[in-house]
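K.L.:
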Amino acid sequence: MAMKIRLARGGSKKRPYYSIVAADSRMARDGRFIEKLGTYSPLLPKDSEDRVKMNMERVQHWLANGAQPTDRVSRFLEAAGVTEKKTRANMKKAEPGKKAQERTKEREEKAAALKAAEEEAKNAPAEEATTEGAASE
């Protein structure tokens, strides 16, 4: 039996409340579970102590017996210091698409060209003044 420590959703529509449970991985998300290990209330502020509550003794028991935590539960366990932090692959999901990258590149090039033109405009009157001064002498 493949055991998971995962979240089971409760609460009403748009008011989520989760139970942290040990369950067989083949059971439905909100279905049958073996033991309730804690709660998670995402509507509470992040610094609130009541946001995530877990019975650490039972969690460690299930981890010792081979239960695998889901991604979200493993983050809770890392924050609590029970497990060590894993490196996660971001898969470049946060990067903008090709078109957006091209647009930003064009904007940068235009800004660089504009700045170069301003520099030339600043230097050009100074050069003209020196050449006019030399011509009048």
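If you want my numbering, it's the 1-based position in the sequence shown plus 85.
The beta carbon of each residue, even a glycine, is placed where N, CA and C say it ideally should be.
It should be emphasised that the depicted structure is a prediction, and the values quoted were computed from it without experimental measurement.
#1: Within the continuous alpha helix (DSSP H) that includes S159, where are the two ends?
#2: On the three-state DSSP scale, how would you describe K131?
#3: Can you give me the Cβ contacts of M112 inside the same chain, cut-off strictly under 8 Å, excluding the 5 residues immediately before and after it?
#4: Where R94 and N140 are concerned, what is the direct C-alpha to C-alpha distance, given to the nearest angstrom?
#5: Looking only at its own chain, which residues have a Cβ that is under 7 Å from the Cβ of P154, when we skip the five neighbours before and after it?
#6: Which of the three DSSP states is assigned to T124 in this structure?
#7: Nearest to S110 by CA position, among L92, K99, L199, E205, is which residue?
#8: Which value, in whole angstroms, describes the spacing of the CA atoms of E203 and Y103?
#9: If you follow the alpha helix (DSSP H) that A149 is part of, which residue opens it and which one closes it?
P.N.:
So, from the listed chains and residues:
#1: Reading the sequence shown from its first residue, position 74 is the one you call residue 159. 156 to 165 is the span of the alpha helix (DSSP H), which, as asked, contains S159.
#2: Residue numbering aside, residue 131 sits at position 46 when the sequence shown is read from its first letter. If DSSP states are grouped into helix, strand and coil, K131 belongs with coil.
#3: Residue 112 sits at position 27 when you count from the first residue of the sequence shown. Taken in chain order, the residues that qualify are F118.
#4: Stepping through the sequence shown from its first residue, residue 94 is reached at position 9. Stepping through the sequence shown from its first residue, residue 140 is reached at position 55. Distance between the alpha carbons of R94 and N140: 18 Å.
#5: Within the sequence shown, numbered from 1, the residue matching residue 154 stands at position 69. Result list for P154: I90, L162, in chain order.
#6: Walking along the sequence shown from the start, residue 124 turns up at place 39. Strand, per DSSP.
#7: For this step, residue 110 is matched to residue 25 along the sequence shown. Of the listed residues, the one whose Cα sits closest to S110 is L92.
#8: Position 118 of the sequence shown holds residue 203. Position 18 of the sequence shown holds residue 103. Spanning the alpha carbons of E203 and Y103 requires a straight line of approximately 59 Å.
#9: The residue you call residue 149 lines up with position 64 of the sequence shown. Counting along the chain, the alpha helix (DSSP H) containing A149 begins and ends at 141 to 149.
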